[in-house]
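Visitor: One structure coming up, written as structure tokens, with questions to follow.
In the working numbering, the protein residues as written are 1 to 1071.
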């Protein structure tokens, strides 16, 4: 065993704590800390290997902290495995790690004490911005060698061959891919054609506690000492090391994402080798043994929706242009390195845009765009960054050159962009204009690269760099520093800037269609001139153009919307376009007002905001109050089988709840209209990205009722925390009311009248300035109107306290920087790649005393991909190959050309009227068979999923038979009793009955069900759980002719697929 102190930020190598020996830590080369507030002997650490604990004693004058609690000089405490402490206040965090490794089993280099030279190999991120004074202090304290090492690392150049917006993995990064996949990329992880894949639990790590499942995020240890040197050897041999792990507990809320991320960071820190980790959090295509994680690794983001066919050939009209030698020379050299010719099943139309000295080729990929899954990325807007410009004095504007072309495409995505020209087929090597996901793909990368730079603001491809300061000279210096940081970062990530559009050291610059200056925001004079000189509109589209300009100026001319009201009426469906006197007046007033625009000053939280009114003079300079119903948030939830919607007010915490009869946009809009008619229309409504809130109908509602809808970040519910908190409160109230057999609505009424902690007033008082009457006895004077005092100040204090508690119980996540998307366009060679995992399908006693493997998922994962597979014992310890068992159902053994019926001469349709009873597992293909083969022949389908009960099925069967129809009973019908009901109907109608028995096994049916669950897009589809298959199997009685059947026909499962993607998914092994 050994004990290590590991830096949470990986600023230095792990530090060994020998058993029973005192180790002093503080400022110095060993920790890479240069902050003089941290003493050289800051803490004393003593490890006890027997008890697995470390004694931490404070020696320095400035406090260290353990678990958010500061240690005074002389104070001591104990830390167990995974315990964290900070060497100075809440900075320089480390954690304790106990390992089973014996020192003799470690590499010799890791055993030896770190020399002063070795300590220079890793520098902390805080050294990036050291001043000359800082360097002089370091020189005096640690010597010139440390200074030279720092300067060498700062000046180190990144040599990469990629010219696109490169995924230079300068730091660790985390990225969520939808709701089902999380990707971690450690610093130094690089693309490679050779992938060394590993499972996590049971393959690289095991629990310290000895239990099957970890008891906490710190309950882990390396499985065997051979792992670390083996991984280092792979990395040195050019392999990219990737961990693929299923963590279903995350989606089931049994495992916190933050805890698991912390665990991954600790593991990778211990391994000391660059690793990428892909984490499947739910039951989706990413979960092993399905290949979703592997596909994400080896392909780019331009993925097609599962329901699309994957083949679409479109032909469109080309804009007429004479393709002569001159134009041909303009077309192709300009796109050198951007397009190439290669056959593809996807062909889009070409659109040509003529420009001076060049011709621009654009796509019209309307069919492709319908198939592409767009990433969920919220595009930033100008209003979000304006408050940050309050103290800016000097400005520079830059422009990203060639826009989307800076985003490279992999081979598969490139094929999707194929377009036809008179010169042949071509396809893009870089992201072209016209692709629906191009704006999000480009801007998300640009934001990841530049958003954290000081004084740099990015929207679309426009980059604004500002200088802050109390005077111009100070602002110029700050601006120059910010520009240098920008250019250095641009060079590292290979971002090209347009030299023709650079404006430096300006008092004001044009940015996103406006003019930004130290005084505030102004409109672009060109746009003002365009409105002033615009001719009178004569059609509805021309009015819409005018209103577009008016909307652009609305923030600068608040009364403009009132003036333009008559013009807006002309654009509605209720009005015919008839230009009248009031429209002339509105148009003339708008043209006059645009020349009277004001400068919109940047908002400052430090300055008092005043409003002007035409009321009495003593009230003309009042402090702007918060309008109680200005900001609200909403969310939906399900409780006791019923759908509810909750609306909460930010200012007052007042709740409105209603049961939804239908979970549709129309039903949700009806709820909001009722609430807004009661409380007034808010300025902003925050919701999540549920379809009810993102529909066109809801968007039109927000426009018509003139409020702003703000969507929370996709897959990140905390960004709509107010509504999430309200849902928890309401659920708790309703559950308690049900348990106590009380009225849930009275419980909600009491909640809204209960004073809030720290606020001294209830939600009802803050919203309505009065208590509302409840069943609780209340003195009459307490229900009189009374405005609560100092609500804003108390709210601020309440939020500060909440933030303090949150900050002391949570971990700061690593900064988000550009990480590897897929494999950096490097094609993976599957022959040189492999996967190692412990879920290998081995039987009991595959080695003496070993238990049977819990599953075969890891072996199936490798088989689905088509790469080599090893168990941990085979790969790390050199054991011989172990026996294993394949699953009972092998999808690749299905015969796609076999006979549908058995016997083969059996007829689908009888000569006369008949009844067919289907027998088979759920998901055995019965309903698909009925729709494809029997309904076209005139059979009437009787299905319990549609009708609800077997009694209704029997009644419908009798009705159809009495009408002379052929009938097929499309139920599972596993027992004689369930089949007899319908055979009796046939006997009563004096017709024959046949049984169609679906030859599908228990495992095969479950496989079908998993595919159906993942690919079904029918909103009426009902989930079928595992219990339904077990129930069928346990109750099944094989059909016999003695039951009254004229014939028993077996139906073979002959697979048919609507597209290649579903076929690929189906033919994979599933767990």
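Glycine included, each C-beta is placed from N, C-alpha and C at the ideal position.
(1) Could you have a look at residue 918 and say whether DSSP puts it in helix, strand or coil?
(2) Measure from the alpha carbon of residue 770 to the alpha carbon of each residue in 1025, 638, 788, then state which is nearest.
(3) Looking at the unbroken beta strand (DSSP E) that takes in residue 48, where does it start and where does it end?
(4) Can you round the beta-carbon distance between residue 32 and residue 11 to whole angstroms, since I take them to be within the 8 angstroms contact cut?
(5) Quickly, what does DSSP pair residue 1102 with across the bridge? List them, please.
(6) Output the boundary residues of the alpha helix (DSSP H) element that contains residue 679.
(7) Less than 8 angstroms between the CB atoms is what I'm expecting for residue 392 and residue 461, so what's the real figure, rounded?
(8) Could you check what DSSP says for residue 372 in three-state terms: helix, strand or coil?
(9) Under the assumption that residue 427 contacts residue 417 (Cβ atoms under 8 angstroms), give the Cβ distance between them as a whole number of angstroms.
(10) For residue 884, which three-state DSSP category applies?
(11) Where does residue 399 sit, in a helix, a strand or coil, going by DSSP?
(12) With a cut-off of 8 angstroms on the beta carbons, I'd call residue 748 and residue 655 a contact; round off their distance for me.
(13) Given 8 angstroms as the limit, is there contact between the region 918-937 and the region 958-973, that is, 3 or more CB pairs closer than that?
(14) Anyone know if the C-beta pair for residue 185 and residue 276 falls short of 8 angstroms?
(15) Label residue 313 either buried or exposed according to how many other C-beta atoms from any shown protein chain fall within 10 Å of its C-beta, with 16 as the threshold for buried.
(16) Ordered along the chain, which non-local residues of its own chain (more than five positions away) have a Cβ less than 7 angstroms from that of residue 976?
(17) Please return the same chain residues whose Cβ sits closer than 6 angstroms to the Cβ of residue 710, not counting the five positions on each side in sequence.
(18) Pull up the distance between the alpha-carbon of residue 535 and that of residue 698, whole angstroms please.
(19) Is it buried or exposed, residue 873, if we count other Cβ atoms within 10 angstroms and call 16 or more buried?
(20) According to DSSP, is residue 1046 helix, strand or coil?
(21) Of the residues 991, 945, 734, which one's Cα is nearest the Cα of residue 962?
(22) Does the separation of the CB atoms of residue 75 and residue 838 fall below 8 angstroms?
(23) Cutting at 8 angstroms between CB atoms, please list the residues of its own chain near residue 1010, excluding the five before and the five after it.
(24) Taking the C-alpha atoms as reference points, what is the distance between residue 679 and residue 62?
(25) Hey, residue 888 and residue 1001 are a contact pair by Cβ (cut 8 angstroms); roughly how many whole angstroms apart?
(26) Buried or exposed, going by whether 16 or more other CB atoms sit within 10 Å of the CB of residue 1056?
(27) Identify every run of the beta strand (DSSP E) within the region 638-668, keeping only runs that are complete inside it and at least 3 residues long; order them along the chain.
(28) Can you say whether residue 847 is buried or exposed, counting buried as having 16 or more other CB atoms within 10 angstroms of its CB?
(29) For residue 511 versus residue 464, is the C-beta distance shorter than 8 angstroms?
(30) With three or more C-beta pairs closer than 8 angstroms as the rule, is the region 282-302 touching the region 847-864?
(31) Quick test of your reading: residue 425 and residue 531, contact by CB under 8 angstroms. State the CB separation rounded to the nearest angstrom.
(32) Quick one: what's got a C-beta closer than 7 angstroms to residue 214's C-beta in the same chain, skipping five residues either side?
(33) When the Cβ atoms of the region 721-737 are set against those of the region 642-656, are three or more pairs found closer than 8 angstroms?
(34) Straight-line CA distance for residue 188 to residue 408?
(35) Specify the secondary structure class of residue 23 as computed by DSSP and reduced to three states.
(36) Please classify residue 296: does DSSP put it in a helix, a strand, or coil?
Guide: This is what the structure gives:
(1) strand
(2) 788
(3) 43-48
(4) 5 angstroms
(5) Residue coverage of the chain in this structure runs from 1 to 1071, which leaves residue 1102 outside it and unanswerable.
(6) Unbroken alpha helix (DSSP H) run through residue 679: 665-679.
(7) Their Cβ separation, rounded to whole angstroms, is 21 angstroms, which puts residue 392 and residue 461 out of contact at 8 angstroms.
(8) DSSP places residue 372 in strand when its eight states are reduced to three.
(9) 5 angstroms
(10) In the three-state reduction of the DSSP assignment, residue 884 falls in the coil class, being assigned neither a helical nor a strand state.
(11) Three-state result, residue 399: strand.
(12) The pair is a contact, with the Cβ atoms about 7 angstroms apart (cut-off 8 angstroms).
(13) yes
(14) yes
(15) Residue confidence for residue 313 is low, a pLDDT of 31 falling below 50, so the modelled location carries little weight and cannot support an answer.
(16) 1037, 1043
(17) Excluding sequence positions up to five before and after residue 710, its CB lies within less than 6 angstroms of the CB of 684, 686, all in the same chain and listed in chain order.
(18) 34 angstroms
(19) buried
(20) coil
(21) 991
(22) no
(23) 1070
(24) In a straight line, the C-alpha of residue 679 is about 53 angstroms away from that of residue 62.
(25) 7 angstroms
(26) exposed
(27) 642-649, 655-660
(28) exposed
(29) yes
(30) yes
(31) About 45 angstroms; that fails the 8 angstroms criterion.
(32) 207, 220
(33) Because the criterion of three Cβ pairs below 8 angstroms is met, the region 721-737 and the region 642-656 touch.
(34) 21 angstroms
(35) strand
(36) helix
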